[in-house]
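Undergrad: Quick one: this structure, given as structure tokens, is what I'll be asking you about.
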Amino acid sequence: MKILISADMEGATGVTWPADVLPGTPQWERCRSMFTSDVDAAVRGFFEAGADEVLINEAHWTMRNLLLEQLDERAEMITGRHKALSMVEGIQHGDVDGVAYIGYHTGAGSEGVLAHTYLANSLTGVWADGVRAGEGRLNTLVAAEFGVPVVLVTGDDRTVEDAKGYAPDALGVAVKDYVSRYAAVCRPPARTAAEIRDAARRAAPLAGRRTPPQPEPHTVELEFDAEHLVGAATVVPGVERSGERRVAFTSAGAYDMIRCFKAVTTVVSAAVEEQYG
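Below you can see the structure in the form of structure tokens.
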């Protein structure tokens, strides 16, 4: 049994505001340890349940946040940016039996601690096939195309509730409770690590590769907070204006969908000015 952990930071234990997740700040340096604790707890739980391999894919910002030296020695980790499948890199090789989302968060325009989708701001909403979608739902479409089930989701309480809509069989662990976008009722890492470790043990039996289905087309619509970002986004081939501040595109499958989405957000981020967005 091989488990892939997609590790994001906004949904980690103790994280509540931007400086907690912005590389280079003192708060980020402090929160890296709690982020690593969450991920390591999942690693240990999966191994205790009989996993043969656990591969961690760093999925936050620079994708160089986890402290490798604090991880269980049996784990392996993909670290660094510019990967074919970004947050779920590694799922495409046909040897992953289950994927866990550790430190995830809700999507742009939703209630949740540090809620966003790929971009920290500028995006006010994303819809996949007509349903509001955060990173969890988008990545789950990709996982499903490779026949890999989502078995565990951790983050704030809103994230765990949101996951029921795209991964109803997955176990969930809320490491904090939403108060506002920048505030939460947090539990100490010793407590959340124990809960994540136990959940990973119980989630492992949910793993099991399915026969990958034939790719299905997916339509994604994005809404921005400023009209000029529509012009930036439509530079990407196949992306068209769908409203005053909206664009949409349709891809032949989830693999192409997530790659086009990444291209759009990368182009848009380069068009954002510091003060006016």
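The sequence shown runs 1 to 277 under this note's numbering.
Quick reminder that beta carbons are idealized off the backbone N, C-alpha and C, glycines included.
Quick check for students: name the residue ranges of the alpha helix (DSSP H) that lie wholly in the region 167-227, counting only runs of 4 or more.
TA: 189-203, all fully within the region 167-227.
Undergrad: Grab me the residues of A128's own chain with a C-beta within less than 7 Å of its C-beta, minus the 5 sequence neighbours each way, in chain order.
TA: Within the sequence shown, residue 128 is the residue found at index 128, counting from 1. For A128, where only same-chain residues beyond five positions count, the Cβ hits under 7 Å are R137, L138, L141, H218 and V220.
Undergrad: To which residues of the same chain is H105 closer than 8 Å at the C-beta, ignoring the five residues directly before and after it?
TA: For the purposes of this step, residue 105 is taken as the residue at position 105 of the sequence shown. Excluding residues within five positions, the ones whose Cβ falls inside 8 Å are D8, E10, G11, G112, V113, L114, A115, H116, G134, E135, G155, D156 and T159.
Undergrad: Give me the Cβ distance between A184 and G172, rounded to the nearest whole Å; I'm assuming they're in contact under 8 Å.
TA: For the purposes of this step, residue 184 is identified with residue 184 of the sequence shown, where counting begins at 1. For the purposes of this step, residue 172 is identified with residue 172 of the sequence shown, where counting begins at 1. The pair is not a contact, with the Cβ atoms about 16 Å apart (cut-off 8 Å).
Undergrad: Could you tell me how far apart the beta carbons of E280 and L66 are, in whole angstroms, since I believe they sit closer than 8 Å?
TA: Past the boundaries of the shown model lies residue 280; the chain is included only from 1 to 277, so the question cannot be answered.
Undergrad: So what does DSSP say about M34, is it helix, strand or coil?
TA: Residue numbering aside, residue 34 sits at position 34 when the sequence shown is read from its first letter. Three-state result, M34: helix.
Undergrad: Restricting to runs no shorter than 4 residues, where is the alpha helix (DSSP H) found entirely within the region 122-169?
TA: Fully enclosed alpha helix (DSSP H) runs of 4 or longer: 135-145 and 157-166.
Undergrad: Pull up the DSSP beta-bridge partners for I102, would you.
TA: Numbered from 1 along the sequence shown, position 102 holds the residue referred to as residue 102. In DSSP, I102 forms a bridge with A7.
Undergrad: Does DSSP put K83 in a helix, in a strand, or in coil?
TA: Residue 83 sits at position 83 when you count from the first residue of the sequence shown. Coil, per DSSP.
Undergrad: Could you give the distance in angstroms between the alpha-carbon of V179 and the alpha-carbon of Y118?
TA: Residue mapping note: residue 179 aligns to position 179 of the sequence shown, counting from 1. Residue mapping note: residue 118 aligns to position 118 of the sequence shown, counting from 1. Taking the straight line joining both Cα atoms gives about 22 Å.
Undergrad: Output yes or no for whether 8 Å exceeds the beta carbon distance between F46 and A204.
TA: Position 46 of the sequence shown holds residue 46. Position 204 of the sequence shown holds residue 204. Cβ distance < 8 Å, so F46 and A204 count as in contact.
Undergrad: Would you kindly work out how many angstroms separate the C-alpha atoms of D198 and G103, rounded to a whole number?
TA: For this step, residue 198 is matched to residue 198 along the sequence shown. For this step, residue 103 is matched to residue 103 along the sequence shown. So the two alpha carbons sit approximately 16 Å from each other.
Undergrad: Since S242 is in the beta strand (DSSP E), which residue starts that stretch and which ends it?
TA: Position 242 of the sequence shown, counted from the start, is the residue given in the question as residue 242. E240 to G243 is the extent of the beta strand (DSSP E) around S242.
Undergrad: Whole-angstrom Cβ separation of D169 and P149, contact assumed at under 8 Å?
TA: Residue 169 sits at position 169 when you count from the first residue of the sequence shown. Residue 149 sits at position 149 when you count from the first residue of the sequence shown. Right, the Cβ-Cβ distance comes to about 7 Å (below 8 Å), so this counts as a contact.
Undergrad: For Y276, count the other beta carbons within 10 Å of its own beta carbon; 16 or more makes it buried, fewer makes it exposed. Which is it?
TA: One-based indexing of the sequence shown puts residue 276 at position 276. Y276 is exposed by the Cβ-count criterion.
Undergrad: According to DSSP, is L68 part of a helix, a strand, or is it coil?
TA: Here residue 68 is taken as the residue at index 68 of the sequence shown, counted from 1. Helix, per DSSP.
Undergrad: Which whole-angstrom value is the C-beta distance of V264 and V239, which I expect to be below 8 Å?
TA: On the sequence shown, residue 264 is found 264 positions in, with the first residue counted as 1. On the sequence shown, residue 239 is found 239 positions in, with the first residue counted as 1. 6 Å between Cβ atoms; contact.
Undergrad: Opposite R246 in the DSSP bridges: which residues?
TA: Position 246 of the sequence shown, counted from the start, is the residue given in the question as residue 246. DSSP, once it has assigned bridges, lists E223 and G243 as partnering R246.
Undergrad: Name the residue from T266, R245, P215 and R30 whose alpha carbon lies nearest to the alpha carbon of S251.
TA: Working through the sequence shown from its first residue, we reach residue 251 at position 251. Of the listed residues, the one whose Cα sits closest to S251 is P215.
Undergrad: So, at 6 Å on beta carbons, what are the nonlocal neighbours of M87 in its own chain, with the 5 sequence-adjacent residues on each side left out?
TA: What you label residue 87 is simply residue 87 of the sequence shown in a count that begins at 1. If we look at M87 and ignore the five residues flanking it on each side, its Cβ neighbours are S6, A59 and N139.
Undergrad: For L229, which of helix, strand or coil comes out of DSSP?
TA: Taking the sequence shown and counting its residues from 1, the one referred to as residue 229 is at position 229. If DSSP states are grouped into helix, strand and coil, L229 belongs with the helices.
Undergrad: Quick one: what's got a C-beta closer than 6 Å to C260's C-beta in the same chain, skipping five residues either side?
TA: By 1-based counting over the sequence shown, the position of residue 260 is 260. The residues are F249 and S251.
Undergrad: Nearest CA to the CA of A233: which residue from A75, A271 and P213?
TA: Here residue 233 refers to the residue found at position 233 of the sequence shown. Comparing Cα positions, the closest option is A271.
Undergrad: Using the rule of at least 16 other Cβ atoms within 10 Å of the residue's Cβ for burial, across every protein chain shown, is V131 buried or exposed?
TA: As a first step, residue 131 must be located in the sequence shown, where it is residue number 131. It counts as exposed.
Undergrad: So, are the CB atoms of Q70 and D95 less than 8 Å apart?
TA: Sequence index remark: in the sequence shown, residue 70 carries index 70 (1-based). Sequence index remark: in the sequence shown, residue 95 carries index 95 (1-based). It is not a contact, given that the beta carbons lie outside the stated cut-off.
Undergrad: Below 8 Å between beta carbons: does that hold for T13 and T192?
TA: Position 13 of the sequence shown, counted from the first residue, corresponds to residue 13. Position 192 of the sequence shown, counted from the first residue, corresponds to residue 192. Taking 8 Å as the Cβ cut-off, T13 and T192 qualify as a contacting pair.
Undergrad: Express the C-alpha separation of V126 and M257 in angstroms, rounding to a whole number.
TA: For the purposes of this step, residue 257 is taken as residue 257 along the sequence shown, with counting starting at 1. For the purposes of this step, residue 126 is taken as residue 126 along the sequence shown, with counting starting at 1. For M257 and V126, the distance between alpha carbons rounds to 13 Å.
Undergrad: Does any residue of chain D have a CB that is nearer than 8 Å to the CB of S37?
TA: This model lacks chain D altogether, as it is built from one protein chain only.
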